[in-house]
Amino acid sequence: MIFKKLKKSHLLLVLLAISLLPYIYLAFFAHPIADDLIYASKGEFSNILKLMMTEYMSWNGRYISNFFVLINPINHSLILYQLIPVGLIILIIIGAGVFFRCFFKEQNLKASSLLNINLLFTLILLGQLPTIAEGIYWYTGAITYIPPIAFTLLYFSLIYKYMNSKWLINKHAHFLGMIILLFFIIGFNEVHMLMLLLFHVTMFIIAKNTENKWLAGVLLITAIAFASIMVFSPGNAGREAHFENSHDLLKSITYALLQTIRFSAKWISYAPLLLLSILYIPFHFNLAKTSNLFQKSFWLKPYFSLMLLFSTVFLCAFALYWSTGSFGYRIMNTAWFFFLIMWFVNLSVWCNHFKSTLSNLTIPNNIQNIFFGIIWLTLTFTHNGYGAALDIFQGTAERFDQVMAERYMIMENAREAEENYIYFTPITDPPHTLFVLDITGNSNHWINIAYPLYFGMPEKHVISSGQQEY
1 MIFKKLKKSH LLLVLLAISL LPYIYLAFFA HPIADDLIYA SKGEFSNILK LMMTEYMSWN
61 GRYISNFFVL INPINHSLIL YQLIPVGLII LIIIGAGVFF RCFFKEQNLK ASSLLNINLL
121 FTLILLGQLP TIAEGIYWYT GAITYIPPIA FTLLYFSLIY KYMNSKWLIN KHAHFLGMII
181 LLFFIIGFNE VHMLMLLLFH VTMFIIAKNT ENKWLAGVLL ITAIAFASIM VFSPGNAGRE
241 AHFENSHDLL KSITYALLQT IRFSAKWISY APLLLLSILY IPFHFNLAKT SNLFQKSFWL
301 KPYFSLMLLF STVFLCAFAL YWSTGSFGYR IMNTAWFFFL IMWFVNLSVW CNHFKSTLSN
361 LTIPNNIQNI FFGIIWLTLT FTHNGYGAAL DIFQGTAERF DQVMAERYMI MENAREAEEN
421 YIYFTPITDP PHTLFVLDIT GNSNHWINIA YPLYFGMPEK HVISSGQQEY
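Next up, the structure:
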């Protein structure tokens, strides 16, 4: 009865909120593992600048994310650690909210409609993250790659407002805000640095013969300057020395192309994205009536726009193979974000290209309702949504939580024990959604070492129970 009284937009809002709840609920079963424990063991906040310089000189040039990685919340409490994924999801929602309100303002959409768009974007992003475990629930990975996603949405919004003379406070304060955001985004990780350089090169090419050419030029030069801080970090060489197969050009190009095909096919065939793309077509033509940006196809030629779409995936994969010689899924989380943005940019570009054919497309309300029903079901019960549901209803998240709580007790009890070997029950049924990188049978393995380091007992040796040292 209650659902009959709800408007369609409000009903969709309730359903989308329900879809988001499992992701939030699972945050309270997350636990620090591997890098989390090692970084947390390095020191207190009072020593942060020295630690950051050590990281910059010996490991990588991530001048922003290193700060957050080194102040791991597990040093304060487990609940604070578990609140971080919740905060990151909220940060995405805030960034997306500002972004869509900025670009769709001329449509005078109701607050509920904007919030629906916002939650749809967030759920699609979460639903297809190549590794949601490392992307949301593992602090070291999440804090490096998720905040710049939200900040990029804010940054694009500020640029759009600046180009339309809609300042925050005043013109100079607005420009300073853009520079600060650019500094932060580039400093989080190498792939965001690459994506922003690609964006600013493209922006400069488009704007070089317009009144915005000075803005595009200044932002490009500034982006290059900030990127150089990361690129010329002495620590990059130290990190790459751990990867024997790095800097293989032919392998990097070949494997990056294969990963581009693989992930592009996977994402394009994602049912929620396909159905929303159909619904977006008439929405685009409404946007084009009031927005010069959409009317002019973002000043992109169709095939150049298509090239940019797949370049986002290729560059992320190439950077990974070039620097390490191997593949890592959390890098592709960033690729998915930029692919998602560029997908809808491409839809606008190609809608305008085929305007005579597509501009009269109308989708009946009953078909829209069916589409939204399918979108909600697939967002909630497939891919990462399915994994989250399994972790909750099959109890894998709860069992993981119990195993980790047992390990903390074992470590505390080992402080007074004479025995130097500590035995952990192995994680035999790891959750689908939460991050697990379990100990090995080698007490000198870095994952094993992380536990005694964090608990301040470097003389102890952690090993999986039932296994002999090897």
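Throughout the sequence shown, residue numbering follows the working numbering, covering 1 to 470 in sequence. A virtual CB, placed ideally from N, CA and C, is assigned to each residue, including glycine.
By DSSP, does V462 sit in helix, in strand, or in coil?
-> strand
How do the segment 138-147 and the segment 282-301 stand: do at least 3 beta-carbon pairs fall below 8 Å, yes or no?
-> no
What are the residues that DSSP puts in a beta bridge with I422?
-> DSSP output for I422 lists V462 as bridge partner(s).
Helix, strand or coil for D429 per DSSP?
-> coil
By Cβ distance, which residues of its chain are closer than 6 Å to R407, with the 5 residues on each side in sequence left out?
-> F424
How would you call H242, buried or exposed, if buried means at least 16 neighbouring beta carbons within 10 angstroms?
-> exposed
Determine the direct distance from the alpha carbon of L361 to that of W343, and round the result to whole angstroms.
-> 19 Å
Looking only at its own chain, which residues have a Cβ that is under 7 Å from the Cβ of I275, when we skip the five neighbours before and after it?
-> The question names Ile, but residue 275 is Leu in the sequence shown. Contacts found: F371, I374, I375.
Indicate the three-state DSSP secondary structure (helix, strand or coil) for A450 in the structure shown.
-> helix
Quick one: measure Cβ to Cβ for S112 and S252, integer angstroms, because I've assumed they're closer than 8 Å.
-> About 46 Å; that fails the 8 Å criterion.
Nearest candidate by alpha-carbon position, reference Q82, set I439, K460, L434, A335 = Ranked by Cα distance from Q82, the options I439, K460, L434, A335 are led by L434.
Inter-residue spacing [alpha-carbon to alpha-carbon] between K105 and I117 = 13 Å
C-alpha gap between N75 and T122, whole angstroms = Take the alpha-carbon of N75 and the one of T122: they are about 30 Å apart.
So does the segment 300-319 actually touch the segment 194-201, counting three or more Cβ pairs closer than 8 Å?
-> The segment 194-201 and the segment 300-319 touch, with three or more beta-carbon pairs separated by less than 8 Å.
Out of curiosity, what's the CA-to-CA distance linking E446 and G141?
-> The question names Glu, but residue 446 in the sequence shown is Trp. Distance from the CA of W446 to the CA of G141, rounded to the nearest whole angstrom, comes to 17 Å.
Given I392, which residues of its chain have a CB within under 8 Å of its CB, disregarding the five upstream and five downstream residues?
-> P22, Y25, L26
Excluding five sequence neighbours on each side, which residues of the same chain lie with their C-beta closer than 8 Å to the C-beta of L129?
-> Excluding positions up to five away in sequence, the list reads G135, I136, N333, W336, N384.
Might you give, ordered along the chain, the residues of its own chain that have their beta carbon closer than 6 Å to the beta carbon of P272, omitting 5 neighbours on each side?
-> I124, I375, T378, L379
For E244, count neighbouring C-beta atoms within 10 Å of its own C-beta (all shown protein chains included) and say buried if the count is 16 or more, exposed if not.
-> exposed
Where A133 and V436 are concerned, what is the direct C-alpha to C-alpha distance, given to the nearest angstrom?
-> 8 Å
For Q69, which three-state DSSP category applies?
-> For clarity, residue 69 is Val in the given sequence; the question names Gln instead. Reduced to three states, the DSSP call for V69 is helix.
Confirm, please, whether the CB-CB distance from L168 to H174 is below 7 Å.
-> yes
Residue range of the alpha helix (DSSP H) that includes G95 = 78-103
Taking one C-beta from the segment 205-212 and one from the segment 338-357 each time, how about it: are there three or more such pairs within less than 8 Å?
-> no
Alpha-carbon spacing of S323 relative to N442, whole angstroms | 27 Å
Quick one: grab the DSSP three-state call for N360.
-> Three-state DSSP puts N360 in coil, outside helix and strand.
In whole angstroms, what separates the C-alpha of L114 from that of L154?
-> 16 Å
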